[in-house]
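Using our numbering, read the sequence shown as starting at 85 and increasing by one per residue.
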Amino acid sequence: MHMYEFPALTPRVSIVIPCYNGAGFVGRAIESGLAQNHPDIEVIVVDDGSSDDSLAVICGYPAVTCIAQENAGVSATRNAGLARATGDFVIFLDCDDVLRSDCVPIGLASLRRHPQASFTFGRLQRIDAEGRPIPTQAGPGAGWLDYASGLHPRIPTPPALAMFRTTLVRDLGGFDARVRYGEDYEFYLRHLRRAPAWRHGTVVAEYRRHGANATRCRSAFLNGVMEVLKAERDWIGDDTALLAEWRAGRRDWQRCSARWLPDHALRRLSPGRCSRSIPGAAACDRGAGHA
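Put into structure tokens, the structure is as follows:
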């Protein structure tokens with residue numbers, strides 16, 4: 085099994101925050117990145133053509149790198165931040181969410197102890213719009229997530245739970261902007277093809293539930309996941325064990341109820357955000373009924 089190198093000196097960690105109409109929350113996301121208990125952090129915020137005051141809020145933090153672009157979708161926005169990142173490791177933080185102050189040191193310690201891991205990830209705490217904790221299922225403890233397990237609904241969500249190796253992310257081509265729905269899932273699976281991920285089981289981020297959370301396009305997201313899995317079939321080839329897992333994974337995803345779906349993915353498909361934050365999603369927003 086391949087062993088990834090860990091920097092001999094204090095590693096730099098890049099925190100990339102894509103933002104689309106997140107003026108009400110992006111400041112708290114930025115502050116959580118800057119407050120990490122680690123001496124070498126860079127925070128990069130990419131405004132994806134927001135029509136609210138997001139850009140003004142971002143520019144109010146001189147310690148961050150601010151990038152403004154025309155609306156291109158979340159994958160292209162993350163990739164724009166990745167292109168500017170100088171860190172050895174990278175975290176992708178949605179602008180609605182918050183990192184715990186020990187997120188970075190926990191992730192670094194995990195990757196140092198598990199050099200064969202393609203990435204590492206933890207657990208979340210749900211919070212309301214004002215940042216108050218709300219009941220959150222504990223989830224599994226520490227352990228490995230390999231490619232076969234990743235074919236099932238066991239992915240780390242939201243992306244802020246994971247710390248990635250920057251060189252590997254770039255080697256894999258970043259996020260695939262052609263994938264409209266399930267882009268995080270496709271991104272994880274490409275990593276898991278290379279090497280398993282280590283789940284350290286510690287809460288490292290807070291996922292915010294608020295009025296803009298999605299209630300639409302659930303079927304579109306599931307269809308996107310199924311398209312991602314369909315594309316994996318060619319890579320699996322004639323491996324009978326993986327093929328069995330692939331078929332079982334498709335059944336598991338098809339049985340997903342609305343409460344199983346990754347909250348951060350559905351949030352991005354919410355009315356008013358769906359049409360611009362994901363290119364081409366307007367038709368979904370018009371055609372889908374309320375879940």
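All residues carry an ideal CB built from backbone N, CA and C; glycine is no exception.
- Linking ASN155 to ASP132 through their CA atoms gives a straight-line distance of about 5 Å.
- For the pair GLN209 and TYR88, the CB atoms are not nearer than the 9 Å cut-off.
- Judged by DSSP in its simplified three-state form, ASP268 adopts helix.
- The beta carbon of GLU316 sits closer than 8 Å to those of LEU235, LEU273 and TRP330, all from its chain and outside the five residues before and after it, given in chain order.
- Comparing C-alpha distances from ARG264 to each of GLN221, VAL312 and PRO243 shows the shortest one belongs to VAL312.
- Within the model, the alpha-carbon separation for ALA119 versus PRO91 is close to 22 Å.
- Bridge partners of ARG283 according to DSSP: PHE205 and GLY227.
- Nearest neighbour of GLN153 by Cα position, chosen from GLY144, ALA147, SER138 and PRO146, turns out to be SER138.
- Scanning MET310, ILE211 and PHE259 for the CA closest to the CA of PRO102 turns up PHE259.
- Taking all protein chains shown into account, MET247 has 16 or more neighbouring C-beta atoms within 10 Å of its C-beta and is therefore buried.
- By the neighbour-count definition (other C-beta atoms within 10 Å, threshold 16), LEU327 is an exposed residue.
- CA-CA distance, VAL127 to PHE109, rounds to 15 Å.
- A straight line joining the alpha-carbon of ARG216 with that of GLY308 spans about 32 Å.
- When secondary structure is reduced to three states using DSSP, THR149 falls in the strand class.
- Around the beta-carbon of ASP318, fewer than 16 other beta-carbon atoms lie within 10 Å, marking it exposed.
- In this structure, the alpha-carbon of CYS340 lies about 18 Å from that of GLU270.
- Closest by C-alpha distance to ASP186, out of PRO280, ALA281 and VAL288, is VAL288.
- When ASP124, LEU256, TYR145 and ALA222 are compared, the shortest CA-CA separation from GLY285 is found for ALA222.
- If you look at ARG162, you'll find it in the alpha helix (DSSP H) that goes 158 to 168.
- From the listed residues ASN121, CYS150, GLY227 and PHE305, the smallest Cα separation to ARG283 is found for GLY227.
- Per DSSP, reduced to three states, the secondary structure at LEU183 is strand.
- Annotated as proximal: THR161 and VAL130, with beta-carbon spacing under 9 Å.
- Counting along the chain, the unbroken alpha helix (DSSP H) around ALA332 starts and ends at 324 to 338.
- Judged by DSSP secondary structure, GLU126 falls within the beta strand (DSSP E) whose first and last residues are 125 to 132.
- Close CB contacts of MET85 within its chain, under the 8 Å cut and outside five residues either way in sequence, are with GLN200 and ALA279 (chain order).
- The alpha carbon of ILE218 has as its nearest neighbour, out of ARG293, PRO95, TYR145 and PRO242, the alpha carbon of ARG293.
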